[in-house]
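Protein chains in written order, with numbering that gives the first Met the number 0: chain A, 0 to 370; chain B, 0 to 370; chain C, 0 to 370; chain D, 0 to 370.
Protein chains: 4
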Amino acid sequence: MREIGIGLIGTGFMGRAHALAFHQAKAVFDLPHPLTLAALADADPQRARQCAQSWGFETAHSDWQRLIADPKVNLVAITTPNHLHFPMAMAALAVGKPVYCEKPLAVSLDQADQMRQAAKAAGVVTRVGYNYQHNPIIQLAREIILRGELGSIVSFQGEFSEDFMANPASPWSWRCEAAHAGGALADLGSHLLAMARHLLGDVEAVCAVSQTVHTQRPASAGNREQRTIAVDDHVHALLRFANGACGTVSSSWLKHGYKNHLAFEISGTLGTLAFDQERLNELRLCRAGETGFQRLLAGPDLPGYAAFSPAAGHQLGYNELKTLEVQELLMALAGEAGHGTDFEEAWAVERLAAAIRLAAREQRWVNVDEQ
Amino acid sequence: MREIGIGLIGTGFMGRAHALAFHQAKAVFDLPHPLTLAALADADPQRARQCAQSWGFETAHSDWQRLIADPKVNLVAITTPNHLHFPMAMAALAVGKPVYCEKPLAVSLDQADQMRQAAKAAGVVTRVGYNYQHNPIIQLAREIILRGELGSIVSFQGEFSEDFMANPASPWSWRCEAAHAGGALADLGSHLLAMARHLLGDVEAVCAVSQTVHTQRPASAGNREQRTIAVDDHVHALLRFANGACGTVSSSWLKHGYKNHLAFEISGTLGTLAFDQERLNELRLCRAGETGFQRLLAGPDLPGYAAFSPAAGHQLGYNELKTLEVQELLMALAGEAGHGTDFEEAWAVERLAAAIRLAAREQRWVNVDEQ
Amino acid sequence: MREIGIGLIGTGFMGRAHALAFHQAKAVFDLPHPLTLAALADADPQRARQCAQSWGFETAHSDWQRLIADPKVNLVAITTPNHLHFPMAMAALAVGKPVYCEKPLAVSLDQADQMRQAAKAAGVVTRVGYNYQHNPIIQLAREIILRGELGSIVSFQGEFSEDFMANPASPWSWRCEAAHAGGALADLGSHLLAMARHLLGDVEAVCAVSQTVHTQRPASAGNREQRTIAVDDHVHALLRFANGACGTVSSSWLKHGYKNHLAFEISGTLGTLAFDQERLNELRLCRAGETGFQRLLAGPDLPGYAAFSPAAGHQLGYNELKTLEVQELLMALAGEAGHGTDFEEAWAVERLAAAIRLAAREQRWVNVDEQ
Amino acid sequence: MREIGIGLIGTGFMGRAHALAFHQAKAVFDLPHPLTLAALADADPQRARQCAQSWGFETAHSDWQRLIADPKVNLVAITTPNHLHFPMAMAALAVGKPVYCEKPLAVSLDQADQMRQAAKAAGVVTRVGYNYQHNPIIQLAREIILRGELGSIVSFQGEFSEDFMANPASPWSWRCEAAHAGGALADLGSHLLAMARHLLGDVEAVCAVSQTVHTQRPASAGNREQRTIAVDDHVHALLRFANGACGTVSSSWLKHGYKNHLAFEISGTLGTLAFDQERLNELRLCRAGETGFQRLLAGPDLPGYAAFSPAAGHQLGYNELKTLEVQELLMALAGEAGHGTDFEEAWAVERLAAAIRLAAREQRWVNVDEQ
């Protein structure tokens, strides 16, 4: 592969985030291969053209299948609604093209399973957009754990809460449909589960409770028509990890006061570390023998940070985590993979979420590999 | 009852804390009855005499049964090791004297059950030392919940972690014996469970995991002899409350970085509130429509605070929560009970802890009233 | 001196705080001399009797001069309004009795000067109630500085702000009269100046600005009659210390959001430490080579703490700082003085405040020893 | 002006930051004019070519004068070392081209004065890179103040501290030369002064102290040769604002524990607000009648934020503030100026810093318009 030609499907918020990330990666990293923004696809031809021009893509397509077939495209990036991830990724894999797909991998565990099998068969690089893991301070947390600085891991307590559905007048959307991977657990909690696996590895068994607090929501903003909601607003679960650690996870999209509260605390025999994504550039750490927690602020000594700023404390933002994700993907395409989430791993995240749903439904412990 | 004659059994840290609290209550509150420090008992006659003198008690006994029989004593306060709570409280109740017992109520659920039955039969006031609930800012939290300011309660996430057993060289003590109500759940977690019940009422069902991280500890500090430890170092549980709320509790005595981290977050349809006992005088609150959490600092507008300071921000300490507990007890003796924990309630806390232990042992959901 | 007989003048909030502190000191410390609560004085004979009884004093006086003359009294504690400190302390010193006086020492620098001269002449122990300095975590801060752990001290940035006069409808009181040592600088700022001296020693020169924001206030709550206010609401100053450090201090009693915000940050060539009295039991510390601040939570390893609790994180409150102040005073009476504020030191605090007022009035740098 | 052709001088960290910002502005904003990256200049021809290619510029120049003369360039962006700002900006203004210059405007107040006069004479848009002001949460703070929500402003307390010169072995660099606008006040403090003016307007008078803590530093890292340092390491000042507010500012580059601590607290008769750039997306606010501070987290309701993320809590980073600065500049070129810092305002910032230096040197109050 001499040159990476990006083919991006989707022009919504995540589509633009991808475009920005490719541009920024080109400017800030010394990439292994040249990068071109080869093609952009949107079902609306005019929008495809406009966005292609303003985001710097060479070609615009209104048919995603033509984008996949485009010979200039040798990496397919998918940012469309969740239910389209499956057909698009399968089509790309069928012609042997690497795929970079937004999370969640699919809208059912069965689809996710087919996708990881197809990826394995195709033998190409795949990545799924769990960009929070590419935060340099999260990489530091992972290294602290892997180097054994926390000793044997004892517990993981995690939460991902926001408040955007707290108001019962917040309307129905595809996020409220299980068939589109809706609900607090699938929408937010999956980031937390992916993070737990990224940091501590496999989960063996789970138990859970799930609540739907507002069972009716307006069909659209201000609409009198109500739709019945079946997905979860709030989930709590117990986890038993393969490494012997135990813990809890909670996910809610109606918890007042939180906007992006992906937080966790990991304790081991030699220390405790804590993170809250509402303070994206900070980690709190207490090692055995120290009196209290110390605040670490991200800086150029962390992997990836220096590409954005030469000085500590000049904070990275959400979009730059996407740029770091893109960099790891491009390195993987050059045979130097980092810790990015491939289809196999993304399926494992989906399977874990499915186990939690099953455990909540049947009110019993579920072994994650039951499914 | 014209005058309250306190008979205090035990001269350890909690014995002194009681003595201080009675003195301070006398000085700062307008009590319904005069209070005298009638008698103090310790098995060591010399220590009993010395402490009685320095703490201002009129009489010293080396035999607790004589203290209970002492006609000047009409309130028996028990601060002895946990396994003595049962015989002492039962003896006091048998002669119809009110009892103020340190937590835990007993070292087995069966004992606790007998004690609450005896209390009911005796028809006297009983109280158990869950002094953290008497924190004025906790009373504010309770009122916020009861007045419906958080709406319907959705979730409770609580933790009580300390680090005093984090070092594997921290030696065995009675706290490491199940027969003395040892283990992180019984020692620390019971405060959290009592708090959860104080704020949200009955728990219907639980599920849990429990870990013993260090299965051997020195028999005493620096001793080469090791003792095998069977009690829990760390417990996580899921809770389903009778009011429909769900949540998690965690308790650990080996989590580096924490000294007195009894913390919880309660969310409802109209708001979220959060507390951490390491910042004893603060509450964080976010109401629907507000952007973020607001910090409330305890002040004289809260019940009980003004007795200690006329100005907000002049913080109350741990010992003053004990004074507030004593005040509620003395009001209860005068027929004006507040929200103190009586034997019935303390038994319910023990039963909840027992249900969590059972759920962890059998790895299944347990209905709290199974036991 | 075989036995310390306390004679306490004043039964307001500070009077009661003294009574509690003497009681608690007796119970928690191993004191060098026995302590008796010998006599209590209040101009109102009935109040004197009632308080004496409820606080455990042996005798009640309605004439403070008789209290000073009482042969059972060999320590005179003064908690009356500020303008009475002078005559009472001078009378006690005149008969050679040690004095424990609430802050401020006096209502004018001239009075303060006479009092320190009289104390020196009498050769007795004197103490002034700057109890915030007796906070164990402040003692830790002082030791960190004295041991050189911060290196050469570079800067002090301090503030003492509250909000109790923020509302322009907050009425006039003696606190609004310069002749009673009123104003934000004298009332609050003097604590901060005393703290700066306690931690860093002499200040050589100052420059300042002073503001009276609300120049009229109701004569009493809800009163239509307005009184003109001349004292400062808010003061900022620059300081040059004798040790070469420089810094700023600010004091306000109308800063919304603060209740007891006596905060400072001290930086040196080897580290920085920070404190905020709204979190009384915490210190933040960053040493050279460390990435960020570490939170230290008070515990029994700090001087004085263990008297109140055997475990870290069981927080001390405002009243317990008073008990620690009393302990140091009682040790000083036994010839083992700690770092308590005597009349000489309290005069130096008053002189520093006077220099700041002069610098603000004349808008120039003032050498502190100009006065 | 039909199309904006950017001519960028300098390829260091700030050069790349500009390039990224122009790209991102193009992608995320609906700009009034099309934008082209016309030319890039660096004295090293090869570096100029390489950077032009990787950052997407059409032409590369090794002579900045040719860039200014380039007819495709109609906006000159200057990111070279400080002493070159003057000749470059003067040359661009001489041919009537708008200038976007990094801070500080110049290395002497005299140069700055000439530059603002030239800008006025040329009648073109000028901007100086005080990008911190373009933080959406800072714009919110400014609006809160301007709408009168804090009432009359009483005080400003500000600080900008970092620790990158804390180690005495941190070597000499141009930042240590007054002739290159070095020292903590010029390098860091000028951001704080610009912020104070942005939020509260003109400062009338100042008083200050200045310290050089380490008067010798290695000529380069690890070098035994020492250079004498004359610029300030730490400055404290008092300010009197034209609007009647008073306050303090401090700036240090050797304060352990801080990485980007541009923090301030502004209080008024109706409220207090606080900001710390180490938590770039947060503001703390307490309004009259509220008990404590509330945390506001940036979200799409704030000006500019939505361009980067549709959801609150998905934090902006340092580089995105630069993009926001570029957007305001481009709007200003289209006649719709926002609150960007032009040469006139940047000169006022320099004059204020010069007044502080003079006040420190002469140890007296200085009227800012003395100079």
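A virtual CB, placed ideally from N, CA and C, is assigned to each residue, including glycine. Just so you know, these numbers come straight off a predicted model, no measurement behind them.
Query: Proximity to Leu108 (chain C) [Cα-Cα], best of C:Glu361, C:Ala358, C:Ala359 and C:Ala347; Result: C:Ala347
Query: Cβ-Cβ separation, Gln132 (chain A) to His197 (chain A) (assumed contact under 8 Å), whole Å; Result: 5 Å
Query: First through last residue of the beta strand (DSSP E) which encompasses Pro217 (chain D); Result: Gln215 to Pro217
Query: Neighbour flag for Cys100 (chain C) against chain F, beta carbons, 8 Å; Result: The chain labelled as chain F is not found among the protein chains of the depicted structure, namely A, B, C and D.
Query: Cβ separation of Asn81 (chain A) and Ala180 (chain A), assumed to be a contact under 8 Å, to the nearest whole Å; Result: 5 Å
Query: Beta-carbon proximity check, Gln362 (chain A) vs Trp364 (chain B), cutoff 8 Å; Result: yes
Query: Gln113 (chain C) versus Ala177 (chain C) - alpha carbon distance; Result: 19 Å
Query: Uninterrupted beta strand (DSSP E) stretches inside the stretch 205-243 of chain D (no shorter than 3 residues); Result: 215-217, 225-227 and 233-240
Query: Contact list for the stretch 40-74 of chain A against chain D, Cβ threshold 7 Å; Result: Ser53 and Trp54
Query: is_contact[Gly291 (chain D), chain B] using C-beta, thresh 8 Å; Result: yes
Query: Contact residues within the stretch 338-366 of chain D, judged by C-beta distance below 8 Å to chain C; Result: Gln362, Arg363 and Trp364
Query: Cβ-Cβ separation, Asn259 (chain A) to Glu158 (chain A) (assumed contact under 8 Å), whole Å; Result: With a Cβ gap of about 12 Å, Glu158 (chain A) and Asn259 (chain A) do not count as contacting.
Query: Arg223 (chain B) burial status per 10 Å Cβ neighbour count (16 or more: buried); Result: exposed
Query: Gly95 (chain C), buried or exposed, once every other Cβ within 10 Å from all chains shown has been counted against 16; Result: exposed
Query: Partners in chain C for Tyr131 (chain B), counting only beta-carbon separations shorter than 8 Å; Result: Ordered by position in chain C, no residue passes the 8 Å Cβ test against Tyr131 (chain B), which lies about 10 Å from the chain.
Query: N- and C-terminal bounds of the beta strand (DSSP E) containing His338 (chain A); Result: Per DSSP, His338 (chain A) belongs to no beta strand (DSSP E) and is neither H nor E.
Query: Neighbour list for Arg294 (chain B) in chain D, Cβ cutoff strictly below 7 Å; Result: Gly291 and Phe292
Query: Ranges of the alpha helix (DSSP H) found wholly within the stretch 97-170 of chain A, counting only runs of at least 4; Result: 108-121 and 135-145
Query: Cutoff 8 Å: Pro309 (chain A) Cβ touching any chain D Cβ; Result: yes
Query: Closer than 8 Å to chain B by CB, Arg15 (chain C); Result: yes
Query: Closer than 8 Å to chain C by CB, Lys254 (chain D); Result: yes
Query: Helix, strand or coil at Phe263 (chain A) according to DSSP, with G and I counted as helix; Result: strand
Query: Terminal residues of the beta strand (DSSP E) in which Val75 (chain D) lies; Result: Leu74 to Ile77
Query: Cutoff 8 Å: Tyr304 (chain C) Cβ touching any chain B Cβ; Result: no
Query: Contacts that Gly270 (chain C) makes with chain D (C-beta to C-beta distance below 7 Å); Result: His255
Query: Any chain C beta carbon closer than 8 Å to Ala287 (chain D); Result: yes
Query: Any C-beta of chain A under 8 Å from that of Gln23 (chain D); Result: yes
Query: Gln293 (chain B) - containing beta strand (DSSP E), residue span; Result: Gln293 to Leu296
Query: Secondary structure of Val94 (chain D), DSSP reduced to three states; Result: coil
Query: Three-pair Cβ contact test at 8 Å for the stretch 267-284 of chain B versus the stretch 113-124 of chain C; Result: no
Query: C-alpha distance - Val248 (chain B) paired with His213 (chain A), whole-angstrom precision; Result: 24 Å
Query: Beta-carbon neighbours of Glu264 (chain D), restricted to chain A and to distances below 8 Å; Result: Simply none; closest approach about 19 Å.
Query: Integer-rounded CB distance, given that Phe307 (chain C) should sit under 8 Å from Asn130 (chain B); Result: No, Asn130 (chain B) and Phe307 (chain C) are not in contact; Cβ-Cβ is about 14 Å, not under 8 Å.
Query: Contact with chain B by Glu319 (chain C), beta-carbon distance below 8 Å; Result: yes
Query: Whether Ala93 (chain C) touches Leu104 (chain C) by CB criterion (8 Å); Result: no
Query: Boundaries of the alpha helix (DSSP H) in which Arg283 (chain C) is found, first to last residue; Result: Counting along the chain, Arg283 (chain C) falls outside any alpha helix (DSSP H), though it belongs to the beta strand (DSSP E) covering Glu281 to Arg286.
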